[in-house]
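Peer 1: Below is one structure. I have some questions about it.
In this note's numbering, the protein residues as written are 34 to 368.
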């Protein structure tokens, strides 16, 4: 059961819109409820456990003391924080940014445990030893199609993904920061919402800040990171664009439930694929081979990668192809 995030502001319309955004797509591990008055909020809080209260800047302190909420986060009306009203987030900004900041402020469970949905999410890997094969476009489309029925998160392990330019976003924390917290024993999964951005219909974590951020990380450690993310971050589907990941690839692929591998038919590409498969076999990773699904992607799927690129993929030939692919996978699961 998702915990409650109460939203109370002097503008009932603002509170309703912010709550609606928080509930949209099920990205947060909370159910947001908007309130138009202190009396309504106190009545609700007397009967329900409120995890977070987003309180308007002008909310009377004496009223807040009467409301049972594990954590209060203020909706500030000035960009400069007031030391007397911390933690706080600036209310007059993009709703997505507000929610990321709220999750960054969220103190988490008193026991230190992370928030998770029961059961491990499925990890879908997208990998190919062949370049320029449509791998990233396939991964982005898979994330969008799965999102229609499952809470889905996209992660890319590409050294140079081009996401900053394509999305036009200026990122704060990214995969580098999340992995740093994970490696140093910091609590990170209950604050996953602070790292999640949306591009079109894709919920994603911004990629590594620098290619060097992957240096010194073993394949086994990276695989464990993805496994824990699938188990603890509250997503039913984790779509991972594996990039090349060098010598780490085989170990990372072992964390995947299914691996989609775009292929090409030219001689060099086929030689690379055979070499990759031979390496898996020689290293005793027959389980990875069994989970590989080679795909010949539809021709003519390359298009300009702008702000509407995810929509172009979802509603174009690639989207139709992936819906058939995913539909077949669902049918196999139900048999």
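In this text, a Cβ means the ideal position worked out from N, Cα and C, and glycines have one as well.
Please confirm if the stretch 293–300 is in contact with the stretch 207–215, defined as three or more CB-CB distances below 8 Å between the two stretches.
Peer 2: no
Peer 1: Please state whether DSSP places residue 121 in a helix, a strand or coil.
Peer 2: strand
Peer 1: The alpha helix (DSSP H) spanning residue 57 covers which residue range?
Peer 2: Element bounds for residue 57: n/a, residue is neither H nor E.
Peer 1: Buried or exposed: where does residue 355 fall if 16 or more other Cβ atoms within 10 Å of its Cβ makes it buried?
Peer 2: buried
Peer 1: Between residue 331 and residue 350, how many whole angstroms is the CB-CB distance? I'm expecting something under 8 Å.
Peer 2: 5 Å
Peer 1: Using a 10 Å radius around the Cβ and a threshold of 16 neighbouring Cβ atoms, would you call residue 244 buried or exposed?
Peer 2: exposed
Peer 1: Between the alpha carbons of residue 272 and residue 186, how many angstroms are there, rounded?
Peer 2: 6 Å
Peer 1: Using the Cα positions of residue 281 and residue 317, report the straight-line distance between them to the nearest angstrom.
Peer 2: 15 Å
Peer 1: To which residues of the same chain is residue 142 closer than 6 Å at the C-beta, ignoring the five residues directly before and after it?
Peer 2: Because residue 142 sits at a pLDDT of 44, beneath the cut-off of 50, its placement in the model cannot be relied upon, and the following sentence gives the value as read from the coordinates. Same-chain partners within the cutoff: there are none.
Peer 1: Quick check: the Cα distance between residue 298 and residue 289, rounded to an integer number of angstroms?
Peer 2: 25 Å
Peer 1: Below 8 Å, can you find three or more Cβ-Cβ pairs linking the stretch 83–93 to the stretch 41–52?
Peer 2: yes
Peer 1: Grab the span of the alpha helix (DSSP H) containing residue 303 for me, first residue to last.
Peer 2: 300–315
Peer 1: Alpha carbon to alpha carbon, how far is residue 360 from residue 178? Give it in angstroms, no decimals.
Peer 2: 10 Å
Peer 1: List the endpoints of the continuous beta strand (DSSP E) containing residue 327.
Peer 2: 325–328
Peer 1: Could you work out which residue in 71, 205 and 168 is closest to residue 191 when comparing CA atoms only?
Peer 2: 168
Peer 1: Considering residue 295, what are the terminal residues of the beta strand (DSSP E) in which it resides?
Peer 2: 291–295
Peer 1: Would you call residue 372 buried or exposed, if buried means 16 or more other Cβ atoms sit within 10 Å of its Cβ?
Peer 2: Only positions 34 to 368 of the chain appear in this structure, which leaves residue 372 out of reach.
Peer 1: Do the stretch 96–107 and the stretch 67–75 touch if we need at least three Cβ pairs shorter than 8 Å?
Peer 2: yes
Peer 1: Report the partner residues of residue 100 according to the DSSP bridge assignment.
Peer 2: The bridge partners DSSP lists for residue 100 come to none.
Peer 1: Tell me the residue span of the beta strand (DSSP E) that contains residue 187.
Peer 2: 185–189
Peer 1: On the three-state DSSP scale, how would you describe residue 153?
Peer 2: coil
Peer 1: Does residue 180 pass the burial test, meaning 16 or more other C-beta atoms within 10 Å, or should it be called exposed?
Peer 2: buried
Peer 1: Output the distance between the C-alpha atoms of residue 13 and residue 346, rounded to the nearest integer angstrom.
Peer 2: Nothing can be reported for residue 13, as the shown portion of the chain is limited to 34 through 368.
Peer 1: If we count the other Cβ atoms within 10 Å of its Cβ and call it buried at 16 or more, is residue 201 buried or exposed?
Peer 2: exposed
Peer 1: Leaving out five residues before and five after residue 365 in sequence, what residues of the same chain have Cβ atoms less than 8 Å from its Cβ?
Peer 2: With a pLDDT of 44 at residue 365, under the threshold of 50, the modelled position of this residue cannot be trusted; read the value that follows with caution. The answer is none, since no qualifying residue turns up.
Peer 1: Entirely within the stretch 216–290 and at least 4 residues each: give me those alpha helix (DSSP H) ranges in chain order.
Peer 2: If we require 4 residues or more, the alpha helix (DSSP H) runs fully inside the stretch 216–290 come out as 252–265 and 282–286.
Peer 1: Count Cβ pairs between the stretch 117–124 and the stretch 254–267 that sit closer than 8 Å; are there 3 or more?
Peer 2: no
Peer 1: With residue 92 as the anchor, note down where its alpha helix (DSSP H) starts and where it stops.
Peer 2: Going by DSSP, residue 92 is part of no alpha helix (DSSP H) at all; its letter is neither H nor E.
Peer 1: Would you kindly work out how many angstroms separate the C-alpha atoms of residue 284 and residue 163, rounded to a whole number?
Peer 2: 18 Å
Peer 1: Does the Cβ-Cβ distance between residue 53 and residue 108 come in under 9 Å?
Peer 2: no
Peer 1: Taking Cβ positions, are residue 369 and residue 196 nearer each other than 9 Å?
Peer 2: Limits of the chain in this structure are 34 at one end and 368 at the other, which puts residue 369 out of reach.
Peer 1: Do residue 240 and residue 302 count as a contact pair if the criterion is CB distance below 9 Å?
Peer 2: no
Peer 1: By how many angstroms is the C-alpha of residue 276 removed from the C-alpha of residue 158?
Peer 2: 10 Å
Peer 1: Given this structure, state the Cα-to-Cα distance separating residue 274 from residue 249, to the nearest angstrom.
Peer 2: 20 Å
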